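Quick note: the sequence shown uses the UniProt record's numbering, first residue 1, plus one each step. Every residue gets a Cβ at the ideal spot worked out from N, C-alpha and C, and that includes glycine. Remember, predicted model here, so these are calculated numbers, not experimental data.
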Amino acid sequence: MALLGSIGYSEPSPVLRCERLVLRLPTMADHAAWALLRERSYAFLKPWEPTWPADDLTRAAFRRRLRRYQREVRNETGYPFFVYRQDTSEIVGGLTLSNVRRGVTQSCALGYWIGEPHARHGYMSEAVECVLAFVFRKLGLHRVEAACLPHNEASIALLRRTGFTHEGHARAYLRIDAQWRDHLLFARLAEDPEPPVRPHGQAAAFGDVLKHRL
Numbered sequence: 001m002a003l004l005g006s007i008g009y010s011e012p013s014p015v016l017r018c019e020r021l022v023l024r025l026p027t028m029a030d031h032a033a034w035a036l037l038r039e040r041s042y043a044f045l046k047p048w049e050p051t052w053p054a055d056d057l058t059r060a061a062f063r064r065r066l067r068r069y070q071r072e073v074r075n076e077t078g079y080p081f082f083v084y085r086q087d088t089s090e091i092v093g094g095l096t097l098s099n100v101r102r103g104v105t106q107s108c109a110l111g112y113w114i115g116e117p118h119a120r121h122g123y124m125s126e127a128v129e130c131v132l133a134f135v136f137r138k139l140g141l142h143r144v145e146a147a148c149l150p151h152n153e154a155s156i157a158l159l160r161r162t163g164f165t166h167e168g169h170a171r172a173y174l175r176i177d178a179q180w181r182d183h184l185l186f187a188r189l190a191e192d193p194e195p196p197v198r199p200h201g202q203a204a205a206f207g208d209v210l211k212h213r214l
């Protein structure tokens, strides 16, 4: 990886494509659109996220974020994706694979957010299915874990719809919106059956979403 004026990825970086969406690693050129969507979605996202730093939407903070992302990708411990519509190239949200563990574990954690204007269109369900193909087929991991607040009905439905199984309840698991919150724990395994009905017909493309930008 190299810093070439603006922060980018000098090595081939994953670009995932599904029916309506493109998932790719962010660069500095994405800052303005990302910051605008996050700002417009602040009230919508606030109950489900850690408290934002005061400078969170600034270019300087975004540059620091990208440097952290670069380290994670270089060390193969994390893969951050911004999610875009294929037809308009408009950013709709983000999805992160973090805490990638090898050895006897072969697992990672999944996190995601969707901008308020793009909620309830099935975009994040499609993006999760897309990234699961990357996790199981490209990275060769065995297990993907996800956590959500017990009252986040939309997130619970998304995880169940994309084949995750509820495995437990963790007390005071994450500090969300300035408070330690209980979370429901979910996981999906590589050998778990595919969901019986997958949104927008992407089942046929499960093995074909792995594209790479050179």
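8 Å Cβ cutoff met for residue i and residue j
i	j	result
L184	C148	yes
V131	L57	no
V144	S107	yes
A190	H118	no
F44	E116	yes
M28	R63	yes
P50	R175	yes
Selection from the options that minimises the alpha carbon distance to residue i
i	options	result
M124	E49, A172, R85, R181	R85
residue 221	E19, W34, R188	With the chain running from 1 to 214 in the structure shown, residue 221 is simply not present.
Q169	F186, R38, A32	Reading off the sequence shown, one finds His at residue 169, where the question assumed Gln. Of F186, R38, A32, the residue nearest in Cα terms is F186.
V22	R143, E90, A190, L97	E90
I114	D55, R68, Y69, E39	E39
P195	T165, G140, C18, G78	T165
L159	E116, Y112, E191	Y112
R161	R20, R188, P53	R188
D30	D55, A43, R65	R65
G122	R63, A157, D192, L36	A157
P150	W48, A43, P14, M28	W48
V83	H142, P14, G140, Q70	P14
D87	E19, L174, P80	E19
T77	R67, K46, R101	R101
A146	A60, L110, A178, P80	L110
G103	G140, R68, A133, Y69	G140
P193	N152, D177, Y173, F136	F136
Identity of the residues DSSP links to residue i by a beta bridge
i	result
H183	A170
A109	S98, E145
T165	A187
P80	T96
R85	L21
I91	Y84
I176	Q179
Status (buried if at least 16 other CB within 10 Å, exposed otherwise) for residue i
i	result
S155	buried
R181	buried
P26	buried
G163	buried
E126	buried
A203	Per-residue confidence for A203 stands at a pLDDT of 38, beneath the threshold of 50, marking its modelled position as unreliable; the derived number appears in the next sentence. It is exposed - the Cβ of A203 has fewer than 16 other Cβ atoms within 10 Å.
L36	exposed
Y42	exposed
G207	Because G207 sits at a pLDDT of 39, beneath the cut-off of 50, its placement in the model cannot be relied upon, and the following sentence gives the value as read from the coordinates. Classification of G207: exposed, given that the 10 Å Cβ count is below 16.
P80	buried
Q179	exposed
D55	exposed
R120	exposed
R71	exposed
V209	Low confidence applies here, because V209 scores a pLDDT of 46, under 50, leaving its location unreliable; read the following figure in that light. Buried is the call here.
R171	exposed
Residue interval of the alpha helix (DSSP H) (run including residue i)
i	result
S125	123-133
R120	From DSSP, R120 is part of no alpha helix (DSSP H); its letter is neither H nor E.
A43	42-45
E72	59-75
Residue i Cβ short of 7 Å to the ligand HEM heavy atom set
i	result
D30	Ligands displayed in this structure: none; no statement on the ligand HEM is therefore possible.
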